[in-house]
Amino acid sequence: MRMVFRWFGEGNDTVSLDQIRQIPGVEGIVWALHDSPAGEEWPMDRILNIRDQADRVGLHLDVVESVNVHEDIKLGLPTRDQYISNYIRTIEKLAQVSVKVICYNFMPVFDWVRTNLYKELEDGSTALFFEKAKTTDVDPSELVRTIINNGELSMPGWEPERLAHLASLFELYRGITEDDLWRNLGYFLDAIIPVAERNGIQMAIHPDDPPWPIFGLPRIMTSQANLRRFLRLHDSPANGITLCSGSLGANPNNDILSMIHEFKDRIPFTHIRNVRVFDNGDFIETSHRSQDGTVDIAGIVKAYHDEGFRGYCRPDHGRHIWGEKCRPGYGLYDRALGIMYLWGAWDALERVRLQGEKRNPS
Ligand SMILES: O=C(O)[C@@H](O)[C@@H](O)[C@H](O)[C@H](O)CO
Ligand SMILES: [Fe+2]
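Positions in the sequence shown are counted from 1; adding 90 to them yields my numbering.
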């Protein structure tokens, strides 16, 4: 397991590279040009600038999250081909700075959705919260205003330019079905996966968060069966998954451990995160400790260890603790605590394995 930590860039993150490098076992940053609008080709000088900053502190930049996908690609509009060409050129540039994995998602309009960014937990910390009733039969622009205002720094996938023309986007998606999304995703994969293969890069789609349709918009990266269908859409080792336990875990019917064992060869990148799911379908994010939420985090680490997982791992989100002011879900303290929980579970398993090997050398 290769631990990495998401960083939003100089002046765009409350966490510094010097702090990140002091978290035990973190080898690299998970980065992106977050102010580069979806669909645009990334400028090489900006990419090289990130590389130079990471080099200075000895962190690698193997994982990009995300090169966002333009809505016209998801919609299957004729204009998609230009945006796909730009995407391809960005892949080729990222290969020049030795990027190994590119994360992305195929959610219409919104990236991850929450209804309250600072919901209080029993211990007085706050966390990201999703209230189902606030996303059914409501006007999404109200939620966007709340989120953008409270988000202080913009949230991944909630770029102002994308949300500025919300009404026209919803109009474009009127009548778009899950089958349309599948077809358009297949078209996109057929164009980019051969490029990723040639450049030694694995594409890793992130599941939908939450993993069900919202505001009447279709979502397809939601379940084990759909992830299986996705992998067959373009059957290549370069077509992989960012298995996010927090996103998929918001639906308790999703068996994350089973997914790890089934898709083990197609998970270049994992987000290990806990959520506590309530009976009415609402959920709140919690510490990484299994006991604090609904997701069997210790079991997930064991499943990856049993499979000899050699991919990249990040703790995804954390709570806001000790009064930290930070990007929603992206504070230093609780993500660092999360990493130490993951390392503790992993190292205990590794010790048992090595002792077993000593007793019975193969
Ligand atoms: O929840 C998060 O913060 C991330 O896991 C997602 O925003 C993720 O970066 C995107 O959906 C992947 O494109
Ligand atoms: Fe995630």
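For every residue, glycine included, the Cβ atom is placed at its ideal position computed from N, Cα and C.
Bear in mind the structure is a predicted one, so any value in this text is a computation, not a measurement.
With contacts defined as CB atoms closer than 9 angstroms, L253 and I238 qualify as a contacting pair. The beta carbon of G419 sits closer than 8 angstroms to at least one heavy atom of ligand 1.
Between V147 and L184 the beta-carbon gap is near 20 angstroms, outside 8 angstroms, which marks them as no contact.
For the pair S337 and H361, the CB atoms are nearer than the 9 angstroms cut-off. The straight-line gap separating the alpha-carbon atoms of M311 and K448 is approximately 42 angstroms.
Within the model, the alpha-carbon separation for V116 versus F95 is close to 7 angstroms.
Of the residues I192, G129, D213, D152, the one whose Cα lies closest to the Cα of D162 is G129. A straight line joining the alpha-carbon of R309 with that of P303 spans about 5 angstroms. The DSSP-derived three-state label of N195 is coil. Within the same chain, Cβ atoms closer than 6 angstroms to the Cβ of W202 are found at D299, the five residues on either side in sequence being excluded. For Y423, the uninterrupted alpha helix (DSSP H) run begins and ends at 423-449, by DSSP. Within the chosen limit of 8 angstroms, ligand 2 does not reach the beta carbon of D424 with any heavy atom.
In the DSSP annotation of this structure, the continuous segment of the beta strand (DSSP E) that includes N206 starts and ends at 206-210. For L422, same chain residues with a beta-carbon under 6 angstroms away, outside a window of 5 residues either side, are V105, Q109 in chain order. Apart from the 5 residues on each side of it in sequence, P198 sits with its Cβ closer than 6 angstroms to the Cβ of K164, Y263, L307 in its chain, given in chain order. For the pair V191 and P297, the CB atoms are not nearer than the 9 angstroms cut-off. For the 9 angstroms CB-CB criterion, Y194 and A294 form a contact. Taken through DSSP and simplified to helix, strand or coil, I411 comes out as coil. The three-state reading of DSSP puts R309 in coil, since its state is none of H, G, I, E or B. Taking the CA atoms as reference points, H395 sits about 12 angstroms from L444. Pairing L233 with T225 gives a Cβ-Cβ distance under 9 angstroms. Secondary-structure assignment with DSSP links C403 through a beta bridge to M93, T360. Here E375 is buried. Its C-beta has 16 or more other C-beta atoms within 10 Å. With respect to the 9 angstroms criterion, G118 and D145 are not classified as neighbours on the basis of their beta carbons.
H160 sits in coil when the DSSP states are folded into three classes, being neither helix nor strand.
Classified as buried, T180 has 16 or more neighbouring CB atoms from the shown chains inside 10 Å of its CB. For A294, the uninterrupted beta strand (DSSP E) segment begins and ends at 292-295.
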